[in-house]
Amino acid sequence: MPVLKGRTPIQCYADFMRAFRDHFATFMGNTIVEIQVGMGPAGELRYPSYPESDGTWSFPGIGEFQCYDRFMLSSLKAAAEAVGKPEWGNAGPGDSGSYKDWPEDTGFFRREGGWSTEYGEFFMSWYSQMLLEHGERILSAATGVFTGSPGVKISVKVAGIHWHYGTRSHAAELTAGYYNTRSHDGYAPIARMLARHGAVLNFTCVEMRDHEQPQDAQCRPEALVQQVAAAAREAGVGLAGENALPCRRCVHRAVVCVQRKLRLRAR
7 MPVLKGRTPI QCYADFMRAF RDHFATFMGN TIVEIQVGMG PAGELRYPSY
57 PESDGTWSFP GIGEFQCYDR FMLSSLKAAA EAVGKPEWGN AGPGDSGSYK
107 DWPEDTGFFR REGGWSTEYG EFFMSWYSQM LLEHGERILS AATGVFTGSP
157 GVKISVKVAG IHWHYGTRSH AAELTAGYYN TRSHDGYAPI ARMLARHGAV
207 LNFTCVEMRD HEQPQDAQCR PEALVQQVAA AAREAGVGLA GENALPCRRC
257 VHRAVVCVQR KLRLRAR
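Whatever position you read off the sequence shown (first residue = 1), add 6 for the working numbering.
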């Protein structure tokens, strides 16, 4: 028996957005000037690759790929057959480790691991493209609902996954769906997708400093923020920023400092 009366989750989400718009119509454009469209865990455009609440994952683990339901496996199979490599379509990488591992614990994410091979490039291109298409579908629904609300911007939150950023593979970003490595820019495609819909890119962790993070985990929040800011500028998309951790006075000062430096909007 079909759930949701045969409607898709995105159709139901659009109904919710429409009901919100109609209920708060008198506030739209004056009190409510921005709609941040939830795209995934914590409202962010990413896969649920590092679930912390139940102890499955802990910082700074690399997380795990999320591509094992029948729909994702069917898509992967079709993509592999399309490039003449059907053997690549059976499952995700078999040596990518588990949630709490570090890159060098795995065959796929280590320095010259599977991520840098032809297979790795194929898999990561497909995996990240599935996330982009998910974002595209939800943004299309959101713009269809809020386009007629003058003075209201739409924004999308992108996760600040700064741990293992200093490694070649950027493992934690890869499992979350951001195909960002030493040789591949994973944020430019996201910024271009948001620009097509006139959406603002809201990025987290803007208050963080490299020296405050565990250096053995190759944390580079400052470099990550700079990369995302450059991607937003290149795509011509608005950039906003927020703190990733609870806001104290020193955190607020850090956010304001980055805001001025990058000319972004603080949250």
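Note that CB positions come from ideal geometry on N, CA and C, so glycine has one too.
Fair warning: this is a prediction, and the values are worked out from it, not measured in the lab.
Would you check if there are 3 or more beta carbon pairs closer than 8 Å linking the region 181-198 to the region 230-242? yes
Residue nearest to L51 in terms of C-alpha spacing, selected from G67, T14 and A205: A205
Using three-state DSSP, classify M23 as helix, strand or coil. helix
Flag this pair as touching only if the region 84-95 and the region 61-68 have three or more C-beta atom pairs under 8 Å; answer yes or no. no
Could you give the C-beta distance for A250 and C211, rounded to a whole number, given that I count them as a contact under 8 Å? 4 Å
Determine the direct distance from the alpha carbon of N208 to that of L230, and round the result to whole angstroms. 14 Å
How many Å lie between E124 and E93 at the Cα? 13 Å
Check for me: the beta strand (DSSP E) holding G244 runs from which residue to which? No beta strand (DSSP E) contains G244, which DSSP labels as neither H nor E.
Round the Cβ separation of R13 and V151 to the nearest angstrom and send it over; I've been treating them as touching at under 8 Å. R13 to V151, Cβ: 15 Å. No contact.
Where M34 sits in the DSSP three-state scheme: strand
If you compare alpha carbons, which of Y105, R27 and H190 is closest to D5? This structure gives no information on residue 5, because the portion of the chain shown stretches from 7 to 273.
Report yes if the C-beta distance between T173 and P109 is below 8 Å; otherwise report no. Yes. Within cutoff.
Close-in-space but distant-in-sequence residues of the same chain around L137 (CB under 6 Å, 5 per side omitted): Excluding residues within five positions, the ones whose Cβ falls inside 6 Å are G183.
Rounding to the nearest angstrom, what Cα-Cα distance links G35 and I160 in this structure? Approximately 12 Å, taken between the alpha carbons.
Measuring CA to CA, which of G141, E139 and S122 is closest to L180? S122
Identify every residue that forms a DSSP beta bridge with Q17. Note: Q17 sits in no beta bridge, so no partner.
Quick one: which unbroken alpha helix (DSSP H) runs of 4-plus residues sit fully inside the region 193-245? Chain order, please. Here the runs fully enclosed are 194-202 and 227-241.
Just curious, the beta strand (DSSP E) that Q135 is in, first and last residue? Run containing Q135: none in the beta strand (DSSP E); it sits in the alpha helix (DSSP H), E124 to F152.
Residue burial classification, H258 (beta-carbon count within 10 angstroms, cutoff 16): Only weak support is given to the placement of H258: the predicted model assigns it a pLDDT of 48, under 50, and the value that follows is read from those uncertain coordinates. Looking at its Cβ environment, which holds fewer than 16 other Cβ atoms inside 10 Å, H258 is exposed.
Note the first and the last residue of the continuous beta strand (DSSP E) segment covering S161. K159 to V164
Can you name, in chain order, every residue of its own chain whose Cβ lies under 6 Å from the Cβ of C256, other than the five neighbours on each side? Summary for C256: the model assigns pLDDT 48, below 50, so the residue's position carries little reliability; its value from the coordinates is reported in the next sentence. Scanning its chain for C-beta atoms nearer than 6 Å, with the 5 sequence neighbours on each side dropped, one finds no residue around C256.
Secondary structure of T181, DSSP reduced to three states: helix
Buried or exposed, going by whether 16 or more other CB atoms sit within 10 Å of the CB of H217? exposed
Check whether F30 and I38 have beta carbons under 8 Å apart: Their beta carbons are under 8 Å apart, which means F30 touches I38 by this criterion.
Enumerate in chain order the residues of its own chain whose CB-to-CB distance from G113 is below 7 Å, with the five nearest sequence positions on each side excluded. D101, G119 and G120
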